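Take the sequence shown: its letter number 214 is residue 214 in our numbering, and every next letter is one higher. Glycine included, C-beta positions come from ideal geometry on N, C-alpha and C. These numbers were taken from a predicted model, which means no experiment stands behind them. Notes follow the structure.
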Amino acid sequence: MGRLDVKDIVIGKKKLIIPFELALINDSHHLQCNKLLRFIPGRRAVFSGLWCEKKVVAKFFFKPFRYKKHVKKEIIGNGLLKQTKIPTSTILYSRFCKELKSHILIFEFIDSSIDLGKIFEFDPYVDSNSLKITLSQKDTLSPQASCKKYLIPLVRLIARIHHKVILHSDLHPDNFLLKNDTIYALDGASIKQISARPLKKHLSLENLSVMLSQINIQSKNLLYDLARAYAGIRKYNNISQVADTLEQLIKKSHGLRTVKYLKKIYRNSTKIICQKSFSSFLLCHRKYYTPEMESFLQNPDIAFDNPGASLLKAGNTATLVLYKIDGIELVVKRYNMKNRFHALRLAFKKSRADISWRSAHLLMKSRINTPKPIAIKEVRFGPFRYKAFFICEYIKGESARKFLCGAKAEDVKITSESIIEVFKKFKFLKISHGDMKATNIIIQDNTPYFIDLDSMSWHKSKFLFSHAWKKDINRFMKNWKNNFQIVELFKELQD
Numbered sequence: 001m002g003r004l005d006v007k008d009i010v011i012g013k014k015k016l017i018i019p020f021e022l023a024l025i026n027d028s029h030h031l032q033c034n035k036l037l038r039f040i041p042g043r044r045a046v047f048s049g050l051w052c053e054k055k056v057v058a059k060f061f062f063k064p065f066r067y068k069k070h071v072k073k074e075i076i077g078n079g080l081l082k083q084t085k086i087p088t089s090t091i092l093y094s095r096f097c098k099e100l101k102s103h104i105l106i107f108e109f110i111d112s113s114i115d116l117g118k119i120f121e122f123d124p125y126v127d128s129n130s131l132k133i134t135l136s137q138k139d140t141l142s143p144q145a146s147c148k149k150y151l152i153p154l155v156r157l158i159a160r161i162h163h164k165v166i167l168h169s170d171l172h173p174d175n176f177l178l179k180n181d182t183i184y185a186l187d188g189a190s191i192k193q194i195s196a197r198p199l200k201k202h203l204s205l206e207n208l209s210v211m212l213s214q215i216n217i218q219s220k221n222l223l224y225d226l227a228r229a230y231a232g233i234r235k236y237n238n239i240s241q242v243a244d245t246l247e248q249l250i251k252k253s254h255g256l257r258t259v260k261y262l263k264k265i266y267r268n269s270t271k272i273i274c275q276k277s278f279s280s281f282l283l284c285h286r287k288y289y290t291p292e293m294e295s296f297l298q299n300p301d302i303a304f305d306n307p308g309a310s311l312l313k314a315g316n317t318a319t320l321v322l323y324k325i326d327g328i329e330l331v332v333k334r335y336n337m338k339n340r341f342h343a344l345r346l347a348f349k350k351s352r353a354d355i356s357w358r359s360a361h362l363l364m365k366s367r368i369n370t371p372k373p374i375a376i377k378e379v380r381f382g383p384f385r386y387k388a389f390f391i392c393e394y395i396k397g398e399s400a401r402k403f404l405c406g407a408k409a410e411d412v413k414i415t416s417e418s419i420i421e422v423f424k425k426f427k428f429l430k431i432s433h434g435d436m437k438a439t440n441i442i443i444q445d446n447t448p449y450f451i452d453l454d455s456m457s458w459h460k461s462k463f464l465f466s467h468a469w470k471k472d473i474n475r476f477m478k479n480w481k482n483n484f485q486i487v488e489l490f491k492e493l494q495d
């Protein structure tokens with residue numbers, strides 16, 4: 001998908017400056033396109049704007065020799081949703097525009113709505129305060145609580161779609177809008193009527209799992225509630241079997257999506273800057289790629305020579321400092337080479353900065369707290385890695401060792417339960433940390449943040465994970481071998 005912050009785009013070989021107005025065929029009103037919502041270069045553009053003094057959404061289809069097929073699918077899919085009484089946006093206008101060599105569909109704008117992607121999708125780089133205001137001035141639910149509140153109605157809507165022998169082939173939260181407790185389905189081009197009647201159970205659950213895998217459903221109780229909501233509409237009797245099947249399909253779909261996501265964080269995108277050369281490799285989140293950050297990444301060693309930086313750790317293989325960039329305190333971690341043999345051995349392997357970058361994104365996607373990864377920089381000689389830096393958010397807090405041994409009993413109970421929940425997620429996702437010292441868990445506001453991720457692995461093999469899992473648990477419990485009370489708090493991890 002193209003970037004949405006661009007000021008001009010090309011449609012039908014014509015450059016358009018956003019916002020722009022367009023005269024429509026057989027219509028006395030002009031279409032005013034104010035904001036780009038979605039853009040796939042060479043294929044499709046979606047705008048919000050005004051037409052006939054009403055807010056609308058306009059879709060432009062312009063892929064040569066294919067646009068007619070895309071428009072037909074959109075119209076047929078929209079019609080199917082209307083016929084089966086599934087809430088959706090109404091098509092107000094459909095014409096070919098010679099000027100832009102595009103077919104334009106104008107849809108009603110569903111006002112005062114919010115796309116479910118903003119409720120279900122967790123983006124740690126975005127402040128969620130505005131989301132709570134958008135949902136309702138009276139709604140004080142956190143995004144996490146809102147996720148549960150609106151997920152069951154969404155599952156029921158998908159069940160209704162399936163019950164009408166229809167599949168939505170592009171199920172993701174952004175294709176659904178919420179308004180006054182009503183959920184609207186979008187993207188008619190992805191709506192398909194299936195000839196088989198009724199829609200086969202496995203096909204239905206597989207389709208549903210695609211959606212749920214994007215929302216990180218990891219609670220068995222919630223999964224059972226969702227299975228019950230879906231089974232109630234579809235008239236399925238064995239809810240436990242539905243829940244078990246869904247769990248397996250979600251794991252499969254989540255794995256496929258995660259692989260795709262972890263590839264995306266290594267290339268240029270709307271969120272990531274990627275720069276490669278013979279002598280370096282750089283990744284940085286666009287939000288933080290300011291002129292000051294760009295200058296710093298040219299020579300990150302300056303953080304370690306700066307008297308204003310605070311030394312956090314000085315080890316044989318890594319040095320950490322606290323360093324301010326754009327007034328923000330960040331942790332800069334430099335991976336050191338102990339000697340020439342050590343440098344030669346690591347030159348052909350993935351750098352530990354690379355592993356930290358990948359692991360941090362894996363945890364964030366799984367909604368496990370870790371300092372936000374900001375950037376990595378590798379100094380290279382062609383394919384050989386020489387030196388590496390990892391830059392991440394600074395979390396002010398205490399290590400789990402210090403916190404659990406000195407905090408109030410109530411805080412210790414809350415925090416220990418949170419740590420246990422993270423371990424359960426690790427087990428569900430087959431993730432091993434690799435160095436589960438208590439100092440690698442930072443506690444901030446009773447919330448655990450997992451750090452030092454350069455030994456983390458995401459396992460495909462059950463056998464290898466089982467071995468790594470036991471190793472993690474044994475290392476974690478070793479932290480408390482002289483504190484019986486804390487051992488009791490984490491006893492269930494050894495079961």
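By the Cβ neighbour-count rule, T182 is exposed, with fewer than 16 other Cβ atoms within 10 Å of its own. Under DSSP, L256 forms no beta bridge with any residue. Looking at the DSSP output, W357 shares a beta bridge with no other residue.
With fewer than 16 other Cβ atoms from the protein chains shown falling within 10 Å of its own Cβ, P383 counts as exposed.
In this structure the stretch 71-82 lies against the stretch 90-108, because at least three pairs of beta carbons, one per stretch, are closer than 8 Å.
DSSP, read as helix, strand or coil, puts D181 in coil. Collapsing the DSSP output to three states places V487 in a helix.
Scanning its chain for C-beta atoms nearer than 8 Å, with the 5 sequence neighbours on each side dropped, one finds around I473 the residues F423, M436, L493, Q494, in chain order. DSSP, reduced to helix, strand and coil, places F61 within a strand of the structure shown. Within the DSSP secondary-structure output, Q32 pairs in a beta bridge with E21, L50.
Counting only runs that start and end inside the stretch 400-486, the alpha helix (DSSP H) elements of at least 4 residues fall at 400-406, 409-429, 462-478. When beta bridges are read from the DSSP output, Q193 appears opposite I166. Listed in chain order, the non-local C-beta contacts of G315 below 7 Å within the same chain number zero, local neighbours out to five positions each way being set aside. In the three-state DSSP reduction, L208 falls in the helix class (H, G or I).
For K118, the enclosing alpha helix (DSSP H) has its first and last residue at 117-120. Secondary structure of Y289 (DSSP, three-state): coil.
For L171, there is no enclosing alpha helix (DSSP H), as DSSP gives it neither H nor E.
The shortest CA-to-CA distance from G434 to any of I110, T447, S457 is the one to S457. Cα atoms of S48 and K63: separation of roughly 20 Å, rounded to the nearest angstrom. Taking C-beta separations shorter than 6 Å and ignoring five residues to either side along the sequence, the partners of R44 in its chain run F61, following chain order.
In this structure, A407 keeps its C-beta atom at 8 Å or more from the C-beta atom of Y335.
DSSP places A314 in the uninterrupted beta strand (DSSP E) bounded by 310-314. In this structure, the CA atom of S213 is about 19 Å from the CA atom of E421.
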